[in-house]
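Residue numbers (our numbering), protein chains in the order written: chain A, 1 to 616; chain B, 1001 to 1105. Following: one structure in structure tokens, then a few remarks.
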Amino acid sequence: MNILFLVFLFPLLGFLILAFGRGKIPEKLAAVIGVGSIGLSALVAAIVGAQFLQHPPADGAYVEPLWTWMQVGGFAPQFALRLDGLSLTMMGVITGVGFLIHLFASWYMRRDEGYGRFFSYMNLFVASMLFLVLGDNLLFLYFGWEGVGLCSYLLIGFWYQDPANGAAARKAFIVTRVGDTFMAIGLFLLFQTLGTLNIQEILQLAPQAFHPGSLTVTAIALLLLGGAVGKSAQLPLQTWLPDAMAGPTPVSALIHAATMVTAGVYLIARTHTLFELAPFAQEMVGLVGAVTLLLAGFTALVQTDIKRVLAYSTMSQIGYMFLALGAGAWSAAVFHLMTHAFFKALLFLASGAVILACHHEQDIRKMGGLRKKIPLAFWSFVVGGSALAAVPYLTAGFFSKDEILWQAYAGGHIGLFWAGLLGAFLTSLYTFRLIFTVFFGEAKTDAHAGHGVSYWLPLSVLLVLSTFVGGMIHPPLANVLPANPAEEGGSEQHLVEALSGFVAICGIAIAGWRFFGQPRLLQWLEGTGLAKLLSRYWYSAFGFDWLYDRLFVKPFLWLVRINSKDVFDQIIGCIPVVLVSFNKATALSQSGRLRWYTASVAFGAVLIIAAVVVYQ
Amino acid sequence: MNGVSAIPLEHALILSGILFSLGLLGILLRRNILFVLMSIEVMMNGAALAFVAAGSRWGAADGQIMFILILTLAAAEASVGLALVLQIYRRFNTLDTDAASEMKG
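Pasting the structure below:
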């Protein structure tokens, strides 16, 4: 297991090689380096994971200290990797799904000018994400946290010639930075009260140091939640994710669906003890998740851009994870994180295939009848969409989502349960609206299917993982996270399962009825003024962009404008003015007249002698 | 030393002060550079007189040594100064010091 450090070393090396040989490395070689480094990393992860599962360490975790990062007084954070059930799950998702996405990207990005640059950023991202999940202290985690933020920025603005992409990248960076600042303050507070940032020490010290529900621990938990909310695009910092779709589609699959946006879930699961000590903060986590999943669900219903639909569905699925965290179902949240990584990566890659097949067209109203032309993308969408909609027993999404709903119900969080159920209905409705619109009906474009192993292999593997096969993989979380509050089984659980399955099928049926049947009732409903108003409101994602523009952007620009001459510059600018005037005054005395000089020398001598005589 | 000591030190110092001030006034008021040079000689002699007077007051030889040093200095100064005066006259065709005020700020 001491080869654990190789997991992040390979992507880091890949990044360095590609970054320094930029523009000179031919496309094929860049693909081999970029994809191969992640492949090797996934291989190491698989070996380490197999060893870990066969011979689990005594205390449930394997720690590999590399070196002491810095030493300032009593503050000596280690550069240490920690492998336990939770980080093993995350590592598996990052390297495994990451490898498939890289493989697909080598097909998707072909003949792009910045091919090597793309893979250097992607490798750096994977390395940073591994830092994030493998770090054994929160400072190390924060380092990876900022690293993935940087890579997200670089990759959203990858096609930088279009200013809109740059704006989207800046928006993502700045909005997540708001959350990061909260998190940094939370870390300061944590270090001030506990004197350490080591995660295990924090988890051990916290129950003794804090009274349950005390102000300090609530503040810390809420600040950490602030960081998680920013990174995971939850209310109220969710506005950046839809715009982040400006990046290449594999980026959306890797960063904005499978891994980075779930970092917030990982953070909260990692520091679960703090949230258990602060019931208010934990309630807030559940509330944020529930509200976000509903808002995002309604918004996704009316979007017309294929990637934006998926972006809002990502937001809503992470809402489910937050809901599970809020209900105390820690491992259910991580389970859903894993299955979501499978099927959402599949959906994004398939949407990438659709977009390329339709010559970079992303508007679903201009697509249609693509079922026959790109069958693999179609089946990927059907399976991935079914998993997203949680079709009972056949899909991975059902097992994890049902687990969350059951835990919420059994844990007495009835409000969260109903929100989740309504969200499940919305999910299946918008997912199958998307699938029907894109793949059925009359053909509106001519499309060309992709070829090559790097096209069909990632889609096929993820397709299999999105079915019940993925639901069979159970993350080894028993030693890391507290058990789910409610037991398995019982007639009540079957009732919840039946209910959620029914709701999902209902959504699919209504979407199908709406698309194929042209029903009068729905047409009349959609024609009313209220429905049009609502759909416009939902289309703008409940007007959050507008609101933030008025609340923050405009006042800031106003402040900048009135202070465009910069008060401090004015003060500092006084110094040279004074010096120059002093210089002019003294230059006057240098008249070039000998007698004047003599007089001043004599006068000065008299002054000095007088001073000596007087003060002696 | 009796004959000399009849003149008190104060008187000698007052005389040397008067000489020095006259020289300074000459430099300040005269514009002809030759007169400025001569005024400098007067100032030097004033200072040298103070040395001699002080040396005789304390019966030390230092004052007279300093006087000889100042004499030599004055001679050297006069020779260099006269050479410069010659140059100034060639360049400006006048001995007015105010004419040579090119290096003002």
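For glycine and all other residues, C-beta sits at the position ideal for the given N, C-alpha and C.
Give the secondary structure of residue i by DSSP, where H, G and I count as helix, E and B as strand, and everything else as coil.
i	result
Q590 of chain A	coil
Q407 of chain A	helix
N1093 of chain B	coil
Q200 of chain A	helix
R371 of chain A	coil
V644 of chain A	There is no way to answer for residue 644 of chain A, as the model of chain A reaches only from 1 to 616.
V354 of chain A	helix
M1001 of chain B	Note that M1001 of chain B scores a pLDDT of 46, beneath 50, so its modelled location is shaky; the value from the coordinates is reported in the next line. M1001 of chain B falls in the coil class under three-state DSSP.
F75 of chain A	strand
P56 of chain A	coil
D305 of chain A	strand
G144 of chain A	helix
D363 of chain A	strand
A80 of chain A	strand
P207 of chain A	helix
P458 of chain A	helix
W624 of chain A	For residue 624 of chain A there is no data in the structure shown, the boundaries of chain A being 1 and 616.
N2 of chain A	coil
L274 of chain A	helix
A396 of chain A	helix
E442 of chain A	coil
With distances taken Cα to Cα, identify the nearest neighbour of residue i among the options.
i	options	result
L189 of chain A	A:A541, A:I220, A:G36	A:I220
V391 of chain A	A:A257, A:F468, A:I306	A:F468
V1029 of chain B	A:A610, A:V614, A:W596	Position check: residue 1029 of chain B holds Leu in this sequence, whereas Val was assumed. For L1029 of chain B, the nearest C-alpha among the options comes from A:W596.
A76 of chain A	A:F582, A:F568, A:F140	A:F140
G14 of chain A	A:L222, A:I608, A:I38	A:I38
L150 of chain A	A:A169, A:G23, A:W159, A:D162	A:A169
G23 of chain A	A:A447, A:R111, A:V309	A:R111
F143 of chain A	A:W159, A:M183, A:L274	A:M183
P11 of chain A	A:D84, A:S87, A:S120	A:S120
T196 of chain A	A:I174, A:G247, A:L138	A:L138
A483 of chain A	A:L53, A:F8, A:G411, A:T262	A:G411
S87 of chain A	A:A45, A:L29, A:T586	A:A45
G385 of chain A	A:K372, A:H340, A:L521	A:H340
I374 of chain A	A:A333, A:F439, A:A424	A:F439
Would you kindly check if the distance between the Cβ of residue j and the Cβ of residue i is under 9 Å?
i	j	result
D136 of chain A	I199 of chain A	yes
P475 of chain A	L349 of chain A	no
A228 of chain A	V217 of chain A	no
V133 of chain A	M70 of chain A	no
P57 of chain A	F79 of chain A	no
F342 of chain A	S540 of chain A	no
G60 of chain A	V567 of chain A	no
A1060 of chain B	A1012 of chain B	no
E361 of chain A	T445 of chain A	yes
G264 of chain A	Q234 of chain A	yes
D1096 of chain B	I1033 of chain B	yes
V1042 of chain B	F1067 of chain B	no
Q407 of chain A	G470 of chain A	no
G441 of chain A	F515 of chain A	yes
L18 of chain A	N123 of chain A	yes
V262 of chain A	M321 of chain A	With the sequence shown as reference, residue 262 of chain A is identified as Thr, and Val is not the correct amino acid for it. The answer is yes: Cβ separation under 9 Å.
L155 of chain A	F118 of chain A	yes
So, under 8 Å CB-CB, residue i and residue j are touching, yes? Tell me the CB distance rounded to an integer number of Å.
i	j	result
L654 of chain A	L422 of chain A	Coverage of chain A is limited to positions 1 through 616, which leaves residue 654 of chain A absent and any answer about it impossible.
A345 of chain A	I101 of chain A	6 Å
W379 of chain A	L463 of chain A	7 Å
I268 of chain A	L337 of chain A	The pair is not a contact, with the Cβ atoms about 11 Å apart (cut-off 8 Å).
I255 of chain A	I306 of chain A	Actually they are not in contact, since the Cβ atoms of I255 of chain A and I306 of chain A sit about 18 Å apart, beyond 8 Å.
W128 of chain A	V148 of chain A	In the sequence under discussion, the amino acid at residue 128 of chain A is Ser, which differs from the Trp named in the question. Contact flag correct, Cβ pair sits at about 5 Å.
F298 of chain A	L347 of chain A	Between L347 of chain A and F298 of chain A the Cβ distance is about 19 Å, and since that is not below 8 Å, they are no contact.
W240 of chain A	A172 of chain A	4 Å
T271 of chain A	G230 of chain A	The Cβ separation is near 16 Å, so there is no contact.
P242 of chain A	Y312 of chain A	7 Å
S232 of chain A	I318 of chain A	5 Å
Tell me whether residue i counts as near the ligand GTP, meaning its Cβ is closer than 8 Å to at least one heavy atom of that ligand.
i	result
W1058 of chain B	Ligands displayed in this structure: none; no statement on the ligand GTP is therefore possible.
When you compare the stretch 1059 to 1077 of chain B with the stretch 1029 to 1048 of chain B, are there three or more beta-carbon pairs, one atom per stretch, that lie closer than 8 Å?
As far as the Cβ criterion goes, the stretch 1059 to 1077 of chain B touches the stretch 1029 to 1048 of chain B, which means the pair count is three or higher.
Cβ contact check for the stretch 407 to 422 of chain A and the stretch 282 to 290 of chain A: 3 or more pairs under 8 Å:
yes
Quick check: the stretch 97 to 107 of chain A against the stretch 25 to 41 of chain A, are at least 3 beta-carbon pairs closer than 8 Å?
yes
Can you find at least 3 beta carbon pairs, one from the stretch 397 to 409 of chain A and one from the stretch 491 to 506 of chain A, that sit closer than 8 Å?
yes
Any contact of the stretch 429 to 437 of chain A with the stretch 533 to 553 of chain A, i.e. 3+ C-beta pairs under 8 Å?
no
Report yes or no: do three or more beta-carbon pairs, one from the stretch 1003 to 1022 of chain B and one from the stretch 567 to 576 of chain A, lie closer than 8 Å?
Counting Cβ pairs under 8 Å, fewer than three are found: no touch.
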